[in-house]
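Asks: Take any residue in the sequence shown, count from 1 to its spot, add 298: that is its number in the numbering used here.
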Amino acid sequence: MSAYEVLVSNITQSFLDHGYEAMTMSKLAKYCNITRRGLYHHFSSKEEAFQAMVRQNNQRTRQGSLSEGTRLFSAGADVLDIVTAVLDVRYGDTRRKLVLSPFALEVNDYAFRLCRPEMVEAATVFQADFAALLQQIMANGQLTLRPPISVETVVQLLCDGARGTNQSFFAPSPEDITARYRQMSQAILFGCAEPAGL
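1. Just to check my reading of the structure: V449 and R360 have Cβ atoms closer than 8 Å, yes? What is that Cβ distance to the nearest angstrom?
2. Can you have a look at N331 and say buried or exposed, based on whether 16 or more other CB atoms are within 10 angstroms of its CB?
3. Candidates G336, A402, Y329 and A429: which alpha carbon is nearest L385's?
4. Would you report the Cα separation of E282 and F348, rounded to the nearest angstrom?
5. Using a Cβ-Cβ distance under 7 Å, would P472 count as near chain D?
6. Report the start-end ranges of each alpha helix (DSSP H) in the segment 325-402 that is 4 residues or longer and not cut off at the edges.
7. With C490 as the anchor, note down where its alpha helix (DSSP H) starts and where it stops.
8. Excluding sequence positions up to five away, which residues of its chain have a Cβ less than 6 Å from the Cβ of S363?
9. Counting only the same chain and skipping the five closest in sequence on each side, list residues whose C-beta sits under 8 Å from that of V453.
10. Tell me which residues share the same chain as E345 and place their Cβ nearer than 7 Å to its Cβ, disregarding the 5 neighbours each side in the sequence.
11. Is F371 buried or exposed, if buried means 16 or more other CB atoms sit within 10 Å of its CB?
12. Hey, out of Q311, V304, R353 and N356, whose CA is closest to F401's CA?
13. Leaving aside the five residues before and after N356 along the sequence, list all residues of the same chain whose C-beta is less than 6 Å from its C-beta, in chain order.
14. My output table needs one value for Q425: the three-state DSSP class, helix, strand or coil.
15. Smallest Cα separation from R444: which of F313, E319, G489 and S343?
16. In angstroms, rounded to a whole number, what distance separates the CA positions of L314 and K328?
17. Which residue from G317, V306, M323 and S307 puts its Cα closest to that of N406?
18. In the structure shown, what three-state DSSP assignment does T322 receive?
19. What is the rounded straight-line gap between the Cα of E303 and the Cα of V352?
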């Protein structure tokens, strides 16, 4: 990990421990064990530091999720295990970290307020990579989509479902997130109901 990545990791922990609203650059520098001048060398404001936190987290979880999915695919895992693992790392890791913060709602709120462009960009890149992994799975004969459903549509549904799980009023506890992602993925991939006979 580079010195910059370590700094952003410390920034992440500082916002999780102390929130965004009451944070100042002086406090952030103190919590990160860096001089105020050193912090300003990287960021002109706490908003920029917060955005860097979101960018680094998105990059880490995107890379980690695809690495785990690729590893499981290479090991011959079934499609539900692969999809669950990808979603769990990409979305579950952040949720499990956030839920431990006394400022979870505040940090989540400011992430949507201040970081929408970063979040949209991260989602676009991740979903394209996830679609490529699903295409490999399909080429390997492990999954066949019903026409006219495209792989991009399936990926969008899965990602929307994972994000919805995290924002649910009845969000799962940290230890139950993986199981909820699995149930949601199974319902999307294989269905959970049939039309009633008339």
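A virtual CB, placed ideally from N, CA and C, is assigned to each residue, including glycine.
Replies: Reading off the structure:
1. By a beta-carbon distance limit of 8 Å, V449 does not contact R360. Their separation comes to about 18 Å.
2. Label assigned to N331: exposed.
3. Here the closest residue by C-alpha is A429.
4. No answer is possible for residue 282: the residues shown for the chain start at 299 and end at 496.
5. Protein chain content of the structure displayed is limited to a single chain, and chain D is not contained in it.
6. Whole alpha helix (DSSP H) segments, 4+ residues: 334-340, 344-372, 377-385 and 391-396.
7. Careful: C490 lies outside any alpha helix (DSSP H) and carries neither H nor E.
8. Excluding residues within five positions, the ones whose Cβ falls inside 6 Å are V384, V387 and R388.
9. Correct list, in chain order: Q425, F428, A429 and L432.
10. The residues are L412.
11. Residue burial is scored here from C-beta neighbours: F371 has at least 16 other C-beta atoms within 10 angstroms and is therefore classed as buried.
12. The candidate whose alpha carbon is nearest that of F401 is Q311.
13. Counting only Cβ-Cβ distances below 6 Å, and skipping sequence neighbours, we find A420.
14. In the structure shown, Q425 sits in a helix (DSSP, three-state: H, G or I).
15. Selected option, being the one with the closest Cα: G489.
16. It is roughly 15 Å from the alpha-carbon of L314 to the alpha-carbon of K328.
17. Of all alpha-carbon atoms in G317, V306, M323 and S307, the one lying nearest the alpha-carbon of N406 is that of G317.
18. It is coil, neither helix nor strand.
19. Looking at the two C-alpha atoms, the distance is approximately 12 Å.
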